[in-house]
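S.K.: Starting off with a structure, shown below.
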């Protein structure tokens, strides 16, 4: 019996899909005042990275560090949230970093670090927003109650994906050159 190339490709695709059905994904965001809607004049900047488990919807913060906020103490940070909305739009809160003992801020004089106490949970119906880049994190302070700094959350491609993509593009370029 002869197996076609198409059948082999379909089988490999199914195998890869099954393998990826329960995975941990890396996401990141770079925060600044000019990403707020409307933009703020805050000199604050921040970096955020977390792992997301698509089987449990758990968000495990790797780091969330900010510098040059207008806040002088952690008591002046009044909120930290993930919202659902595309870049340039405001949206509803879907994950609260400070509610229910999820974590806390440490530091002073505009330099702060968030420490997670337990996993944050992304609502199941918001997973598509996360993977589509339609979520953002922002840090609210007394001076900027609507949000001082904000960053759109993006999926970080895994190194193997980048290698495969590069190889595929290289093969396509070589084939085009040979024609």
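In my numbering, the protein residues as written are 200 to 378.
Just so it is clear, CB atoms sit at the ideal spot from N, CA and C, and this is done for glycine as well.
It should be emphasised that the depicted structure is a prediction, and the values quoted were computed from it without experimental measurement.
Can you tell me which of 297, 318, 320, 354 puts its alpha carbon nearest to the alpha carbon of residue 274?
M.R.: On the chain shown, position 75 is the one that residue 274 refers to. Considering only alpha carbons, the answer is 297.
S.K.: Please look up how many angstroms separate the CB atoms of residue 285 and residue 333, rounded, as I've assumed it's under 8 Å.
M.R.: Against the chain shown, residue 285 aligns to sequence position 86. Against the chain shown, residue 333 aligns to sequence position 134. The Cβ separation is near 5 Å, so the contact holds.
S.K.: Sorted by chain position, which residues of the same chain lie with C-beta nearer than 6 Å to residue 272's C-beta, five sequence neighbours on each side aside?
M.R.: Position 73 of the chain shown, counted from the start, is the residue given in the question as residue 272. So the qualifying residues of the chain are 307.
S.K.: Select from 353, 287, 280 the residue whose C-alpha is nearest the C-alpha of residue 302.
M.R.: The count along the chain shown starts at 1 and reaches residue 302 at position 103. Taking only the C-alpha atoms, the option nearest residue 302 is 280.
S.K.: Excluding the 5 residues flanking residue 354 on each side, which residues of the same chain have their C-beta closer than 7 Å to its C-beta?
M.R.: For the purposes of this step, residue 354 is taken as the residue at position 155 of the chain shown. Counting only Cβ-Cβ distances below 7 Å, and skipping sequence neighbours, we find 224, 226, 330.
S.K.: Quick one: residues in its chain with C-beta nearer than 6 Å to the C-beta of residue 309, no 5 flanking neighbours on either side, listed in chain order?
M.R.: Counting from 1 along the chain shown, the entry for residue 309 is found at position 110. The answer, listed in chain order, is 267, 268.
S.K.: So that I know if they touch, is there some Cβ in chain B lying closer than 8 Å to that of residue 238?
M.R.: No chain B appears in this structure, which consists of one protein chain only.
S.K.: Check for me: the beta strand (DSSP E) holding residue 312 runs from which residue to which?
M.R.: Residue 312 sits at position 113 when you count from the first residue of the chain shown. Residues 310-315.
S.K.: In whole angstroms, what separates the C-alpha of residue 242 from that of residue 260?
M.R.: The residue given as residue 242 occupies position 43 in the chain shown. The residue given as residue 260 occupies position 61 in the chain shown. Answer to the nearest angstrom: the Cα atoms are 24 Å apart.
S.K.: The beta strand (DSSP E) spanning residue 329 covers which residue range?
M.R.: Within the chain shown, residue 329 is the residue found at index 130, counting from 1. Run containing residue 329: none in the beta strand (DSSP E); it sits in the alpha helix (DSSP H), 326-331.
S.K.: So, using beta-carbon positions, are residue 278 and residue 339 closer together than 8 Å?
M.R.: In the chain shown, the residue the question calls residue 278 occupies position 79. In the chain shown, the residue the question calls residue 339 occupies position 140. Yes, these two residues count as a Cβ contact at 8 Å.
S.K.: So, residue 352 versus residue 321, is the Cβ gap smaller than 8 Å?
M.R.: Translated into positions along the chain shown, residue 352 becomes position 153. Translated into positions along the chain shown, residue 321 becomes position 122. No, they are not a contact pair.
S.K.: What first and last residue would you give for the beta strand (DSSP E) that runs through residue 263?
M.R.: By 1-based counting over the chain shown, the position of residue 263 is 64. Element bounds for residue 263: 257-266.
S.K.: For residue 288, collect the residues of the same chain with a Cβ closer than 8 Å to its Cβ; drop the 5 residues on either side in sequence, then sort them by chain order.
M.R.: Counted from its first residue, the chain shown places residue 288 at position 89. Correct list, in chain order: 236.
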